[in-house]
Structures are given as C-alpha cells and as structure tokens.
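Asker: When we follow the numbering used here, the leftmost residue of the sequence shown carries the number 3, and every step to the right adds one.
Glycine included, C-beta positions come from ideal geometry on N, C-alpha and C.
Only a predicted model underlies this, so the values are computations on that prediction, with no experimental measurement involved.
Have a look at this one.
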Amino acid sequence: MGFEHTSVMSQEVHEHQNLKPGNISVDCTLGGAGHALATIKAILPDGFLIGIDQDLEAIDHAEKTLQPFKENVRLFHNNFSDLPEILNANGIKGVNSILLDLGFSLNQLKNGNRGFSFNKNEPLDMRMDIRNDLTAFEIINSFQEDELINIFFKFGEEKFSRRIAKRIVETRRDTPIHTSSELAQIITKAIPAKFVYGQRIHPATRTFQALRIAVNRELERLETFMEIVPSLLLKGGRLCVISFHSLEDRIVKQALRKFEGGCTCPKNLPICLCGFVPQMKSIFRKPLIPTKEEIALNPMARSSKLRVAQKV
Ligand SMILES: C[S@@+](CC[C@H](N)C(=O)[O-])C[C@H]1O[C@@H](n2cnc3c(N)ncnc32)[C@H](O)[C@@H]1O
C-alpha cells in the first residue's frame with residue numbers, strides 16, 4: 003500500500019508555525035506525515051515532536067517516515083481530543099505549536115478499503131479509528147429515517163436530505179446496503195436529474211461527507227479540542243488549523259473569536275468590567291487559502307483554509 007504525500011499548504015504552515023530549534027511541537031493529524039517531517043526538521047537538534055493520529059495505518063506509516071528522528075519523536079494512536087492527557091502523562095506543561103490538518107487523508111480515500119470514496123466499491127465502514135463501534139453500515143442500515151435526514155442536512159448541508167433518506171429506507175427494506183458504490187447509486191437516483199448531471203461535484207459528495215463526520219464524531223471532537231486549546235500552548239505558541247469545509251472552519255473561527263474578544267460587558271460601557279482576558283490572537287483576520295499553483299498540482303487542496311493564532 004503506497005502512502006502519498008499530500009500535505010496541503012505546506013509552505014504557509016511551515017512559515018506560520020514559527021518553529022525554532024528546541025521547540026516542542028504537536029502534529030495532531032499525522033496522515034502521510036508530510037507536515038510532521040517538515041516540523042521535526044525545523045525543531046532539531048533538541049526539539050521534540052508529538053504525533054497523533056486515530057488511524058493506525060497513519061501511525062505505522064509515520065513511524066517509518068520519522069524513523070531517522072526517532073529520539074525526538076513520540077507517536078500516539080489516539081484522538082487529538084486526548085492531547086491534554088498525553089501531555090500530562092509525559093510531563094509536558096505546554097507546547098510551542100499545534101497543527102490540525104482536518105478531515106481524511108488521501109491514503110484513507112484511495113487505499114483505506116473503508117468506503118470513504120463513492121467511486122469505489124468498498125464496505126461501508128468509514129471509521130478512521132477501527133477500535134470504535136459505530137460504522138457507516140450501521141447508520142445507513144439501522145438509523146431511523148429522521149435521524150438520517152438530520153445527519154445528511156446537518157453535516158453535509160445536503161438539500162435533498164429527505165429524498166435521499168427516504169430512498170435509503172425503501173431500499174434497505176428489501177436488502178441491507180453493503181457498499182459505497184451501492185450507496186452512491188441510491189443517492190444519485192434520489193436526486194432530481196437536473197441536479198445530478200453537469201454539476202461540479204458528484205451527487206453523493208455531501209452525503210458521504212456527512213456520514214464520515216457522523217461516524218467519526220468529527221465536529222464534536224474538534225469543538226472539544228478548540229475549547230481547551232489555549233491551555234495546551236505556551237505563551238507565544240502557535241495554533242495552525244487547516245479545515246476543508248465551512249462546518250469545520252466555523253467551529254475554529256468561533257472558538258478563536260471567543261478567546262480573542264469574549265468580553266461580555268454591554269457595548270456602552272467605557273471599560274471592561276467582566277474581567278475578560280484575551281487568550282489567543284489570530285495572526286490573520288481572514289483564513290489563508292492555497293495558491294492557484296497548489297490547487298492545480300493537488301485538487302484536494304481546493305477547499306482548504308488555514309487559520310493561525312497565537313497564545314497571548
Ligand atoms: C488531511 S490528513 C493529514 C495529512 C497530513 N498533515 C500530511 O501532511 O500528510 C488527516 C489525518 O487526520 C486524522 N484525523 C482526523 N481527525 C482526527 C482526530 N480527531 N484525532 C486524530 N486523528 C485525526 C485522519 O485519520 C487522517 O490521517
């Protein structure tokens with residue numbers, strides 16, 4: 003199985019992580035370990051990298067890629083929401099940089115054999131961490147129609163959620179839906195033809211995104227993490243988050259806004275009386291987006307956005 007390097011916005015991440023030799027850095031989403039490799043090189047000789055991924059295949063791959071630096075690296079097969087416990091257990095009080103490169107990796111899409119892609123005929127699984135119980139198969143074949151509608155609408159912003167859920171429930175009455183391509187066909191049939199042909203994206207894109215988010219509880223984990231992020235960083239430490247859709251970016255944006263300016267005093271008060279102390283400062287008001295050149299080379303970068311903030 004070949005892992006491909008697909009690190010998105012590498013140049014920008016590298017520049018804005020502001021890394022120095024001796025730093026302690028966390029890569030919360032190792033994936034193909036492209037960002038991790040650039041990070042470790044920037045913090046040597048005495049820096050330390052903590053690498054996390056909930057997918058064991060990513061950890062195995064990162065172990066090989068980062069082997070030459072093994073004295074300065076520790077890898078954890080965990081969810082990044084476990085980072086406080088990981089730091090605690092290793093006696094680390096705070097870190098200089100944290101990177102979150104959200105979503106799934108090209109390896110999971112192409113070689114995962116877990117039904118992430120609507121272009122493949124694979125078992126409907128979609129778990130990034132195969133230790134978890136909930137699979138896409140279970141959601142598709144046993145959740146109530148209303149629950150399906152809710153998932154497709156909330157996590158996929160799919161305007162045909164009702165039609166898709168109805169068609170799934172009708173189909174599974176006869177026989178369970180086992181594979182990604184069966185599901186993709188059902189979705190395509192449920193959507194009116196004029197919204198299927200000549201569209202920029204495959205008609206199953208949003209439903210597949212929604213399912214993946216639901217299976218991996220992606221937004222919940224991100225929210226939990228963003229709530230505690232200032233407590234994990236040292237003063238001046240940097241957070242870089244690459245998101246791939248508006249639901250993720252909204253969570254990051256709102257959390258940063260709260261840490262930057264969460265004063266709850268009435269607007270007409272001349273001074274702050276609620277005692278709010280800013281904890282983070284965004285480096286850019288708007289997120290950075292990839293260059294046209296990067297998108298041409300790697301179309302998966304198309305929808306990515308990078309937010310950078312510093313602990314104050
Ligand atoms: C876009 S890829 C990361 C690519 C990587 N930065 C690189 O340079 O190749 C996302 C990775 O994050 C992992 N991941 C997503 N959400 C996670 C979470 N909540 N906790 C741990 N790992 C997560 C996925 O398993 C996947 O391997």
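Nearest-angstrom Cα distance between residue 269 and residue 111?
Answerer: Translated into positions along the sequence shown, residue 269 becomes position 267. Translated into positions along the sequence shown, residue 111 becomes position 109. Approximately 48 Å, taken between the alpha carbons.
Asker: Taking the alpha carbon of residue 249 as the reference point, which residue from 206, 236, 223 and 266 has its own alpha carbon closest?
Answerer: Counting from 1 along the sequence shown, the entry for residue 249 is found at position 247. Considering only alpha carbons, the answer is 223.
Asker: Starting from the Cα of residue 309, find the closest Cα among 259, 277 and 162 and give me that residue.
Answerer: For the purposes of this step, residue 309 is taken as the residue at position 307 of the sequence shown. Nearest C-alpha to residue 309: 259.
Asker: Residue 313 lies in the beta strand (DSSP E); which residues open and close that run?
Answerer: The residue given as residue 313 occupies position 311 in the sequence shown. Taken as a continuous stretch (DSSP letters only), the beta strand (DSSP E) holding residue 313 covers 307 to 313.
Asker: Tell whether a beta-carbon distance below 7 Å holds between residue 51 and residue 67.
Answerer: For the purposes of this step, residue 51 is identified with residue 49 of the sequence shown, where counting begins at 1. For the purposes of this step, residue 67 is identified with residue 65 of the sequence shown, where counting begins at 1. When the beta-carbon positions are compared, residue 51 and residue 67 stay at least 7 Å from each other.
Asker: Go ahead and label residue 81 buried or exposed: buried means 16 or more other beta carbons lie within 10 angstroms of its beta carbon, across all protein chains shown.
Answerer: What you label residue 81 is simply residue 79 of the sequence shown in a count that begins at 1. Buried is the call here.
Asker: Kindly list the residues whose CB is nearer than 8 Å to the CB of residue 3, restricted to its own chain and excluding five residues on each side of it in sequence; keep chain order.
Answerer: Sequence index remark: in the sequence shown, residue 3 carries index 1 (1-based). For residue 3, the pLDDT reaches just 46, beneath the cut-off of 50, and the residue's location in the model is therefore unreliable, although a value from the coordinates is still provided. Only 59, 109 and 113 meet the Cβ criterion.
Asker: Among 38, 200, 286 and 247, which one has its Cα closest to the Cα of residue 214?
Answerer: Position 212 of the sequence shown, counted from the start, is the residue given in the question as residue 214. Here the closest residue by C-alpha is 247.
Asker: What did DSSP end up calling residue 125 once you bin it into helix, strand or coil?
Answerer: Along the sequence shown, one-based indexing puts residue 125 at 123. If DSSP states are grouped into helix, strand and coil, residue 125 belongs with the strands.
Asker: Alpha carbon to alpha carbon, how far is residue 305 from residue 207?
Answerer: Taking the sequence shown and counting its residues from 1, the one referred to as residue 305 is at position 303. Taking the sequence shown and counting its residues from 1, the one referred to as residue 207 is at position 205. The alpha-carbon atoms of residue 305 and residue 207 are separated by roughly 13 Å.
Asker: In three-state DSSP terms, what is residue 233?
Answerer: As a first step, residue 233 must be located in the sequence shown, where it is residue number 231. DSSP places residue 233 in helix when its eight states are reduced to three.
Asker: Could you tell me which of 183, 235 and 72 sits nearest to residue 47, measuring between CA atoms?
Answerer: Within the sequence shown, numbered from 1, the residue matching residue 47 stands at position 45. Put simply, of 183, 235 and 72 the residue whose alpha carbon is nearest the alpha carbon of residue 47 is 72.
Asker: Distance, Cα to Cα, residue 199 vs residue 191?
Answerer: Stepping through the sequence shown from its first residue, residue 199 is reached at position 197. Stepping through the sequence shown from its first residue, residue 191 is reached at position 189. If you take the alpha carbons of residue 199 and residue 191, they lie about 12 Å apart.
Asker: With distances taken from CA atoms, which of 34, 154, 49 and 43 is nearest residue 55?
Answerer: Position 53 of the sequence shown holds residue 55. Of the listed residues, the one whose Cα sits closest to residue 55 is 34.
Asker: Determine the DSSP secondary structure at residue 53, reduced to helix, strand or coil.
Answerer: Counted from its first residue, the sequence shown places residue 53 at position 51. Reduced to three states, the DSSP call for residue 53 is strand.
Asker: Out of curiosity, what's the CA-to-CA distance linking residue 203 and residue 182?
Answerer: Locating residue 203 in the sequence shown gives position 201, where the first residue counts as 1. Locating residue 182 in the sequence shown gives position 180, where the first residue counts as 1. Rounded to whole angstroms, residue 203 to residue 182 spans 17 Å at the Cα level.
Asker: Considering only the alpha carbon of each residue, which of 70, 115 and 131 lies closest to residue 78?
Answerer: In the sequence shown, counting from the first residue as 1, residue 78 sits at position 76. Looking at the Cα atoms, 131 is the closest of the given residues.
Asker: Look at residue 174 and residue 143 and say whether their C-beta atoms are less than 7 Å apart.
Answerer: As a working note, residue 174 is residue 172 in the sequence shown. As a working note, residue 143 is residue 141 in the sequence shown. Closer than 7 Å, so yes.
Asker: Per DSSP, what are the beta-bridge partners of residue 77 in this structure?
Answerer: Taking the first residue of the sequence shown as position 1, residue 77 is located at position 75. DSSP output for residue 77 lists 53 as bridge partner(s).
Asker: Just verifying my parser: in three-state terms, what is the DSSP assignment at residue 100?
Answerer: Along the sequence shown, one-based indexing puts residue 100 at 98. Three-state result, residue 100: strand.
Asker: Tell me residue 94's beta-bridge partners as DSSP assigns them.
Answerer: Translated into the one-based positions of the sequence shown, residue 94 becomes position 92. Bridge partners of residue 94: none, in fact.
Asker: Quick one: complete beta strand (DSSP E) runs, 3+ long, within the segment 206 to 261?
Answerer: Qualifying beta strand (DSSP E) stretches, in chain order: 235 to 245.
Asker: Given residue 169, which residues of its chain have a CB within under 6 Å of its CB, disregarding the five upstream and five downstream residues?
Answerer: Counting from one through the sequence shown, the residue named residue 169 turns up at place 167. Contacts found: 188 and 192.
Asker: Any idea which residues DSSP pairs residue 181 with across the strands?
Answerer: Numbered from its first residue, the sequence shown carries residue 181 at position 179. For residue 181, which the question treats as bridged, DSSP gives the partners 125.
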